[in-house]
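Chemist: Numbering (UniProt numbering), first residue to last: 1 to 376.
Note that the Cβ used here is the ideal one computed from N, Cα and C, for glycine as well.
The structure displayed is predicted, hence computed values, not measured ones.
Have a look at the structure that comes next, please.
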Amino acid sequence: MNIDQETAKRLLANGAIMLLMDFPVDLSFGIDLNEWQTGPRFKGLKLIPPGFHFIHYRSVIYVGQWNTSDEDITTESDLDPDHVARLKYNILEFEANLGAYPLIPHPQQPVPTFQKWLRLTNFINEQLVNKLLPNSKKVSSLVSSSRFSELDGTIQGINIKNNNNRFSERETTDSTAVQNIIEIKFSVIDLKHSFPENSAPEQRTKYWLDKSYLLKNLLKYTWKGDYKALLGELQFSFVLFLVGQVYDGLEQWKSIVKLLCTSKEALADTSLVSSLFFDFISCLYAQLEECPDDFFVDALSSSNFLREAIVDLVCNIRDPDTCDRVPNPQLEQKLSLFVNFVSERFKWDLEKAVHEKWAFDENEEGEFAPVIAEEI
Numbered sequence: 001m002n003i004d005q006e007t008a009k010r011l012l013a014n015g016a017i018m019l020l021m022d023f024p025v026d027l028s029f030g031i032d033l034n035e036w037q038t039g040p041r042f043k044g045l046k047l048i049p050p051g052f053h054f055i056h057y058r059s060v061i062y063v064g065q066w067n068t069s070d071e072d073i074t075t076e077s078d079l080d081p082d083h084v085a086r087l088k089y090n091i092l093e094f095e096a097n098l099g100a101y102p103l104i105p106h107p108q109q110p111v112p113t114f115q116k117w118l119r120l121t122n123f124i125n126e127q128l129v130n131k132l133l134p135n136s137k138k139v140s141s142l143v144s145s146s147r148f149s150e151l152d153g154t155i156q157g158i159n160i161k162n163n164n165n166r167f168s169e170r171e172t173t174d175s176t177a178v179q180n181i182i183e184i185k186f187s188v189i190d191l192k193h194s195f196p197e198n199s200a201p202e203q204r205t206k207y208w209l210d211k212s213y214l215l216k217n218l219l220k221y222t223w224k225g226d227y228k229a230l231l232g233e234l235q236f237s238f239v240l241f242l243v244g245q246v247y248d249g250l251e252q253w254k255s256i257v258k259l260l261c262t263s264k265e266a267l268a269d270t271s272l273v274s275s276l277f278f279d280f281i282s283c284l285y286a287q288l289e290e291c292p293d294d295f296f297v298d299a300l301s302s303s304n305f306l307r308e309a310i311v312d313l314v315c316n317i318r319d320p321d322t323c324d325r326v327p328n329p330q331l332e333q334k335l336s337l338f339v340n341f342v343s344e345r346f347k348w349d350l351e352k353a354v355h356e357k358w359a360f361d362e363n364e365e366g367e368f369a370p371v372i373a374e375e376i
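Written out as structure tokens, the structure is:
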């Protein structure tokens with residue numbers, strides 16, 4: 001990274017530092033969307049911008065040490081405090097061994113990865129991270145669980161050691177203790193029960209197809225009226241799968257995308273349109289930018305989930321009869337940019353798919369309309 005000396009000094013003074021002692025050579029190590037193979041001189045990272053970051057491996061100074069037996073990073077809280085204090089005091093001695101966070105574009109990467117990372121995580125804050133992450137503040141593609149997982153009474157290789165939320169090689173039958181360490185606490189989104197209790201069959205049918213009732217209830221009670229917390233969890237779930245390869249993150253991301261894309265009646269709420277739906281399109285745009293060109297034919301979009309969800313979103317926003325809503329030119333302009341991007345990037349005629357859905361819905365009206373039978 002070629003930057004002038006004054007800029008480097010300013011970044012070194014203001015950016016965070018992650019010091020990692022005794023790190024192994026040839027280990028895949030990364031931060032956010034960046035990944036490298038470690039060399040013999042590697043001792044951590046410098047120039048880390050403020051904000052949420054995802055450290056992954058197969059302003060403060062963060063100190064950790066590689067634990068050979070656990071094949072994991074021993075965190076600062078578990079190290080000798082006097083040793084940590086000495087390392088922080090002499091931090092400039094390690095400057096030559098610290099990899100710089102990629103902040104400057106280069107020919108192979110015209111858009112800096114940090115700029116992409118900000119677009120992917122701009123609604124994630126410390127409160128949300130503390131709410132969702134397990135007590136250990138670590139996730140693993142092998143052992144992390146969530147509401148999408150079923151834990152056995154006995155889990156091999158996981159236990160608490162010295163009350164420091166550490167893992168050991170012993171077996172434990174204390175599933176509650178294990179869950180506290182490895183469980184990701186996603187918000188519960190029951191898409192199959194999206195209608196009011198004791199509602200008439202017609203109302204059940206309406207809100208089974210249209211998730212607006214569920215969306216408004218979740219916004220009020222789960223996310224405490226803060227739409228940014230909803231979008232933060234959407235972003236957290238996506239990067240958890242994209243970077244951390246935790247499959248449960250994908251499942252939660254799909255639930256939130258489905259919830260928003262099929263909430264047609266909610267588009268009558270002008271405050272939600274100008275805030276939640278406007279920013280949701282930006283979030284989804286940034287996420288799809290990080291997906292490969294064959295995104296719609298691989299496991300991420302199994303059962304054409306995302307195709308259907310995007311078509312629903314476009315149809316609902318463009319439908320002039322959607323709850324007699326007030327036109328929103330800004331939203332419609334943002335949607336047009338999104339439609340053009342998806343069509344060009346993934347070679348998918350989205351406009352055609354939207355018109356086919358409208359034609360199908362017209363044929364499904366009347367006596368052919370779906371009805372949920374009243375419970376007996």
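Taking the beta carbon of residue 248 as the centre, do at least 16 other beta carbons fall within 10 Å, making it buried, or is it exposed?
Modeler: The count along the sequence shown starts at 1 and reaches residue 248 at position 248. Buried.
Chemist: Classify residue 39 as buried or exposed, calling it buried when 16 or more other Cβ atoms lie within 10 Å of its own Cβ.
Modeler: In the sequence shown, counting from the first residue as 1, residue 39 sits at position 39. Exposed is the call here.
Chemist: What residue range does the alpha helix (DSSP H) around residue 309 cover?
Modeler: Taking the sequence shown and counting its residues from 1, the one referred to as residue 309 is at position 309. Looking at the DSSP string, the run of the alpha helix (DSSP H) that includes residue 309 is 305–318.
Chemist: In the UniProt domain "AAR2 N-terminal" (15–59), which residue ranges form an unbroken alpha helix (DSSP H) of at least 4 residues, counting only runs that do not cross its ends?
Modeler: Listed in chain order, there is nothing to give.
Chemist: Helix, strand or coil for residue 282, going by three-state DSSP, please let me know.
Modeler: As a working mapping, residue 282 is identified with position 282 in the sequence shown. Three-state DSSP puts residue 282 in a helix.
Chemist: Going residue by residue through the region 190–264, where are the continuous alpha helix (DSSP H) segments of at least 4 residues, counting only ones entirely within it?
Modeler: Counting only runs of 4 or more, we get 201–209, 212–217, 227–242 and 247–261.
Chemist: Below 8 Å, how does it come out for the region 126–136 and the region 228–243: are there three or more Cβ pairs, yes or no?
Modeler: Yes, the region 126–136 is in contact with the region 228–243.
Chemist: In whole angstroms, what separates the C-alpha of residue 202 from that of residue 266?
Modeler: Counting from one through the sequence shown, the residue named residue 202 turns up at place 202. Counting from one through the sequence shown, the residue named residue 266 turns up at place 266. Answer to the nearest angstrom: the Cα atoms are 18 Å apart.
Chemist: Which residue wins for smallest C-alpha separation from residue 20, given the options 99, 43 and 285?
Modeler: If you number the sequence shown from 1, residue 20 lands on position 20. Nearest option by C-alpha distance: 43.
Chemist: Whose C-alpha, out of 189, 339, 239 and 316, is nearest the C-alpha of residue 290?
Modeler: Position 290 of the sequence shown, counted from the start, is the residue given in the question as residue 290. The option with the nearest alpha carbon to residue 290 is 239.
Chemist: I need the straight-line Cα distance from residue 35 to residue 91, nearest angstrom please.
Modeler: Taking the first residue of the sequence shown as 1, we reach residue 35 at position 35. Taking the first residue of the sequence shown as 1, we reach residue 91 at position 91. Going from the Cα of residue 35 to the Cα of residue 91 covers about 23 Å.
Chemist: Measuring only the C-alpha atoms, how far is residue 28 from residue 57?
Modeler: If you number the sequence shown from 1, residue 28 lands on position 28. If you number the sequence shown from 1, residue 57 lands on position 57. For residue 28 and residue 57, the distance between alpha carbons rounds to 6 Å.
Chemist: Can you tell which of 237, 283 and 187 has its C-alpha closest to the C-alpha of residue 214?
Modeler: Translated into positions along the sequence shown, residue 214 becomes position 214. Of the listed residues, the one whose Cα sits closest to residue 214 is 187.
Chemist: Hey, could you find the ends of the alpha helix (DSSP H) residue 82 is sitting in?
Modeler: Here residue 82 corresponds to residue number 82 of the sequence shown, with the count starting at 1. Per DSSP, residue 82 belongs to the alpha helix (DSSP H) from 81–89.
Chemist: Using only the alpha-carbon positions, how far apart do residue 292 and residue 81 sit?
Modeler: By one-based count along the sequence shown, residue 292 stands at place 292. By one-based count along the sequence shown, residue 81 stands at place 81. Approximately 45 Å, taken between the alpha carbons.
Chemist: Please identify the residue among 193, 189 and 209 whose C-alpha is closest to the C-alpha of residue 219.
Modeler: Taking the sequence shown and counting its residues from 1, one reaches residue 219 at position 219. Selected option, being the one with the closest Cα: 189.
Chemist: In whole angstroms, give me the CA-to-CA distance for residue 48 and residue 356.
Modeler: On the sequence shown, residue 48 is found 48 positions in, with the first residue counted as 1. On the sequence shown, residue 356 is found 356 positions in, with the first residue counted as 1. Roughly 48 Å separates the two Cα atoms.
Chemist: Measure the C-alpha to C-alpha separation of residue 359 and residue 206 and round it to an integer number of angstroms.
Modeler: As a working mapping, residue 359 is identified with position 359 in the sequence shown. As a working mapping, residue 206 is identified with position 206 in the sequence shown. Cα-Cα distance, rounded: 19 Å.
Chemist: According to DSSP, is residue 359 part of a helix, a strand, or is it coil?
Modeler: Reading the sequence shown from its first residue, position 359 is the one you call residue 359. Helix at residue 359.
Chemist: Taking only heavy atoms of the ligand ADP into account, decide whether any of them is closer than 7 Å to the Cβ of residue 102.
Modeler: Ligands are entirely absent from the displayed structure, and the ligand ADP is therefore not among its contents.
Chemist: Taking 8 Å as the cut-off, decide whether the C-beta atoms of residue 89 and residue 15 are in contact.
Modeler: As a first step, residue 89 is located in the sequence shown; it is residue number 89 there, counting from the start. As a first step, residue 15 is located in the sequence shown; it is residue number 15 there, counting from the start. Not a contact, by the Cβ cut-off of 8 Å.
Chemist: Can the beta-carbon of residue 273 be found closer than 8 Å to that of residue 331?
Modeler: Sequence index remark: in the sequence shown, residue 273 carries index 273 (1-based). Sequence index remark: in the sequence shown, residue 331 carries index 331 (1-based). Yes. Within cutoff.
Chemist: Alpha helix (DSSP H) containing residue 113: first to last residue?
Modeler: As a position in the sequence shown, residue 113 is number 113, starting the count at 1. Segment 113–121, the alpha helix (DSSP H) holding residue 113.
Chemist: Drop a sphere of 10 angstroms on the beta-carbon of residue 271, count the other beta-carbons inside from all chains shown, and report buried for 16 or more, exposed for fewer.
Modeler: Counting from one through the sequence shown, the residue named residue 271 turns up at place 271. Answer is exposed; the Cβ neighbour count stays below 16.
Chemist: Could you name the residues of the same chain whose beta carbon sits closer than 6 Å to that of residue 313, not counting the 5 residues immediately before and after it, in chain order?
Modeler: To locate residue 313, count along the sequence shown from 1; it is residue 313. If we look at residue 313 and ignore the five residues flanking it on each side, its Cβ neighbours are 261.
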